[in-house]
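Undergrad: Numbering (this note's numbering), first residue to last: 95 to 334.
1. Identify the continuous alpha helix (DSSP H) that holds residue 321 and give its terminal residues.
2. Do you know how far the Cα of residue 312 is from the Cα of residue 153?
3. Quick one: what's residue 190 bridged to in DSSP?
4. If you draw a straight line from the alpha carbon of residue 98 to that of residue 278, how long is it in whole angstroms?
5. Just the Cα atoms here: how many angstroms apart are residue 218 and residue 225?
6. Pop quiz: residue 169 and residue 275 are said to be a contact at Cβ under 8 Å. What is the actual Cβ separation, rounded to whole angstroms?
7. Kindly indicate which three-state DSSP category residue 295 falls into: helix, strand or coil?
8. To which residues does DSSP link residue 169 through a beta bridge?
9. Span of the beta strand (DSSP E) holding residue 153?
10. Do residue 243 and residue 230 have their C-beta atoms within less than 8 Å of each other?
11. What's the C-alpha gap between residue 332 and residue 123?
12. Three Cβ pairs or more, each shorter than 8 Å: is that satisfied between the region 309 to 327 and the region 178 to 194?
13. With DSSP as the reference, identify every bridge partner of residue 284, one or two as the case may be.
14. Since residue 214 sits in a beta bridge, which residues does DSSP pair it with?
15. Mapping the DSSP letters down to three states, classify residue 300 as helix, strand or coil.
16. Determine the closest residue to residue 248 out of 193, 295 and 120, with distance taken between C-alpha atoms.
17. Excluding the five sequence neighbours on either side, which residues of its own chain have a C-beta within less than 6 Å of the C-beta of residue 264, listed in chain order?
18. Return the first residue and the last residue of the alpha helix (DSSP H) that residue 223 is part of.
19. Considering just the uninterrupted stretch of the alpha helix (DSSP H) at residue 119, what are its terminal residues?
20. State the start and end residues of the unbroken alpha helix (DSSP H) segment that holds residue 128.
21. Which residues bound the alpha helix (DSSP H) around residue 269?
22. What are the boundary residues of the alpha helix (DSSP H) that includes residue 183?
23. Decide if residue 112 is buried, meaning its Cβ has at least 16 other Cβ atoms within 10 Å, or exposed.
24. By DSSP, does residue 305 sit in helix, in strand, or in coil?
25. Residues in the same chain with beta-carbon distance under 6 Å from residue 317, minus the five sequence neighbours each way, listed in chain order, please.
26. For residue 173 versus residue 295, is the C-beta distance shorter than 8 Å?
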């Protein structure tokens with residue numbers, strides 16, 4: 095039954111992506127970025143609802159009051175595809191995601207990503223990728239947008255961790271923007287490999303703002319990593 099529901103949701107996710115993506119691709123170029131933002135977030139919220147009704151996969155958010163007014167940088171744990179949908183629907187709509195360049199080449203979907211002022215990078219480009227994150231991120235923050243980054247760069251299984259990259263922290267150092275860390279346990283229910291989406295409740299915890307004024311990038315990312323990983327252990331222990 096879990097497999098059947100998972101396949102049904104996958105079909106719904108693709109179908110809604112095509113419908114919303116086509117609408118944004120056709121109408122978006124003639125409208126403001128706010129238009130693309132709103133419809134992208136509606137797609138995220140719709141899929142959160144579909145996950146609940148089809149798969150029994152719900153979510154609970156703690157710490158929404160930690161989100162500041164104005165532009166800021168989000169650094170989140172990356173365990174599955176869930177957070178790329180969930181955060182789209184949960185956070186304020188004016189989002190610019192740092193993401194792998196290949197995603198912008200997907201027909202329809204990629205057009206929507208570009209219209210949403212995403213920051214595509216070639217992850218194999220090393221320092222050039224970091225430079226692009228900083229340059230493009232500064233522009234997006236100046237526009238009043240939220241820049242969302244997965245500092246580990248790729249998905250990690252629950253209980254595991256990867257080296258946190260400095261790109262987002264360098265952006266924070268240069269811009270003095272507030273950093274918001276986010277922890278969650280989505281990988282328990284939506285694994286990074288595999289089709290099944292298991293019923294349950296994804297715990298999303300939005301951390302307290304981290305001030306980047308007069309801090310070096312290494313200190314910023316250390317503070318982000320310490321908070322996220324400690325909170326990941328706390329979430330895991332509470333679910334036992």
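Cβ coordinates follow ideal geometry from the N, Cα and C atoms, glycine included.
Keep in mind it's a predicted model, so treat the numbers as computed, not measured.
TA: On the basis of the coordinates in this document:
1. Annotation: the continuous alpha helix (DSSP H) that includes residue 321 extends over 311 to 332.
2. So the alpha carbons of these two residues sit roughly 32 Å apart.
3. DSSP lists 241 as partners of residue 190.
4. Going by the C-alpha atoms only, they are around 25 Å apart.
5. The alpha-carbon of residue 218 is positioned some 13 Å away from that of residue 225.
6. Right, the Cβ-Cβ distance comes to about 5 Å (below 8 Å), so this counts as a contact.
7. In the structure shown, residue 295 sits in a strand (DSSP, three-state: E or B).
8. For residue 169, which the question treats as bridged, DSSP gives the partners 243 and 275.
9. Its beta strand (DSSP E) spans residues 151 to 156.
10. With respect to residue 230, residue 243 sits apart: the two C-beta atoms are not nearer than 8 Å.
11. Residue 332 and residue 123: Cα-Cα distance of roughly 46 Å.
12. Touching, no, given that fewer than three Cβ pairs across the two stretches are closer than 8 Å.
13. DSSP, once it has assigned bridges, lists 291 as partnering residue 284.
14. Looking at the DSSP assignment, residue 214 forms a beta bridge with 193.
15. Strand, per DSSP.
16. The shortest C-alpha to C-alpha distance from residue 248 to any of 193, 295 and 120 is the one to 193.
17. Within the same chain, residue 264 has close Cβ partners 228 and 311.
18. Per DSSP, residue 223 belongs to the alpha helix (DSSP H) from 221 to 236.
19. Counting along the chain, the alpha helix (DSSP H) containing residue 119 begins and ends at 96 to 121.
20. Residue 128 -> alpha helix (DSSP H) spans 127 to 144.
21. Counting along the chain, the alpha helix (DSSP H) containing residue 269 begins and ends at 261 to 269.
22. 176 to 184 is the span of the alpha helix (DSSP H), which, as asked, contains residue 183.
23. Burial is judged here by how many other beta carbons sit within 10 angstroms of a residue's own beta carbon; residue 112 has fewer than 16 and is exposed.
24. Looking at residue 305 - three-state DSSP - the assignment turns out to be coil, as it is neither helix nor strand.
25. Excluding the 5 residues flanking it on each side, residue 317 has same chain C-beta neighbours closer than 6 Å at 304, in chain order.
26. Going by C-beta atoms, residue 173 is not nearer than 8 Å to residue 295.
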